[in-house]
Amino acid sequence: MLFDLRGRGRRRTVRVIYIGLAVLIGVGLVGFGVGGGFGGGGIVSSLNSREGSGGVDYSKQISNYRKALAQNPKDTKTWEQLTKTLTLQAGGEAYKNSNGTLTPAGKKVYNEVAEAWNHYVALTSKPNLALAKVMVRIFDEEGLNQPASTVEVLQTIVAGEPNNASYYGFLAAYAYLAHKDSLGDLAAKKAVALAPTGQRTHLKIQLAEVKKQANAKKGATGATGTTGTSGTATTGSTSLTGP
1315 MLFDLRGRGR
1325 RRTVRVIYIG
1335 LAVLIGVGLV
1345 GFGVGGGFGG
1355 GGIVSSLNSR
1365 EGSGGVDYSK
1375 QISNYRKALA
1385 QNPKDTKTWE
1395 QLTKTLTLQA
1405 GGEAYKNSNG
1415 TLTPAGKKVY
1425 NEVAEAWNHY
1435 VALTSKPNLA
1445 LAKVMVRIFD
1455 EEGLNQPAST
1465 VEVLQTIVAG
1475 EPNNASYYGF
1485 LAAYAYLAHK
1495 DSLGDLAAKK
1505 AVALAPTGQR
1515 THLKIQLAEV
1525 KKQANAKKGA
1535 TGATGTTGTS
1545 GTATTGSTSL
1555 TGP
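Residue numbers (our numbering): 1315 to 1557.
See the structure below:
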């Protein structure tokens, strides 16, 4: 059993999936963009670092952006800047309990990030990819625990980086966790096709196990969601479409 989604370490499952897929596909963690700022931050670095505010309070900047948006609620750039600044604010250690769960204040600021992001993506057809990768941390099990929202963010990422096997693998894994099996199968197929030849069989087995465990968890908990929920991820030359 590669991933036990029902065990005590279930909250860490997606982190394990990330690292496992990264190693499996032969992509070093540096390839996911390690470092500060939004020029190249990647999913793994976003998950593993809460460098965030580092004690800096961004409240004044956030307030200024909100005031500007009250005057011009369709200003895409300001929504983007607000979302970025809120993610920095959300990075503070004060928003996490010792076991990694969100404090009440943390949940509030994470929800504010999600709300700002949703406004932003409603206004643009090409969201900032580096910011999208940071949003995975907001929506994943270490954050708001919203796999369906994580799937939507990953669809944006694969649309922007259509030849990255790892991101398709992540999309497949999260789609299974969100009980969107048809989309997961399509993303898994794409991930396998893009992976190095020697890694394809193992990757296929890994993703099949994620699907199996996600469905077992769904059956055990009576989780809502329909296997085969439709979904579409469009890239420049590739479209993943669930029935």
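Here a beta-carbon is modelled for each residue, glycine too, at the ideal position from N, C-alpha and C.
Grab me the residues of residue i's own chain with a C-beta within less than 6 Å of its C-beta, minus the 5 sequence neighbours each way, in chain order.
i     : result
A1404 : V1423, Y1424 and V1427
A1492 : P1461, A1462 and V1465
H1433 : W1393
L1400 : E1426, V1427 and A1430
L1521 : A1486 and A1502
L1508 : A1479
T1415 : none
Does residue i come out as helix, strand or coil in the three-state DSSP assignment?
i     : result
K1391 : helix
N1425 : helix
N1529 : helix
Spatial neighbours of residue i within its chain, please: C-beta separation below 7 Å, excluding the five flanking residues on both sides.
i     : result
G1498 : A1486, A1489, Y1490 and K1525
V1506 : R1514, L1517 and K1518
N1411 : T1417
A1382 : D1389 and T1392
Q1375 : T1399
Y1481 : L1468, I1471, V1472 and E1475
Residues in the same chain with beta-carbon distance under 8 Å from residue i, minus the five sequence neighbours each way, listed in chain order, please.
i     : result
T1470 : V1435, P1441, L1443 and A1446
A1528 : L1319, Y1490, L1491 and H1493
L1437 : K1388, T1390 and W1393
Name the DSSP beta bridge partners of residue i, please?
i     : result
K1374 : Paired residue(s): none; K1374 is not in a bridge.
K1410 : L1416
Take residue i as the anchor and find which of the options has the nearest alpha-carbon.
i     : options                       : result
A1462 : E1475, D1495 and L1437        : D1495
K1503 : G1483, P1510 and Q1460        : G1483
G1457 : G1420, T1438, E1429 and Y1379 : G1420
L1396 : V1472, E1407, N1378 and N1413 : N1378
A1408 : V1467, A1473, L1500 and V1370 : V1370
N1413 : E1455, Q1385 and T1438        : E1455
R1451 : V1467, L1437, A1479 and T1438 : V1467
S1373 : A1384, N1386, Q1385 and L1402 : L1402
A1473 : S1439, F1453 and N1459        : S1439
N1477 : Q1385, E1523, R1380 and P1510 : P1510
Using a Cβ-based criterion (distance less than 7 Å to any ligand heavy atom), does residue i qualify as near the ligand FMN?
i     : result
A1430 : What this structure holds is no ligand at all, so the ligand FMN is not there to describe.
*Along the chain, which unbroken stretches of the alpha helix (DSSP H) at least 4 residues long are found entirely within the stretch 1430-1516?*
Listed in chain order, the alpha helix (DSSP H) elements of length 4 or more contained wholly in the stretch 1430-1516 are 1443-1453, 1461-1474, 1479-1491 and 1495-1508.
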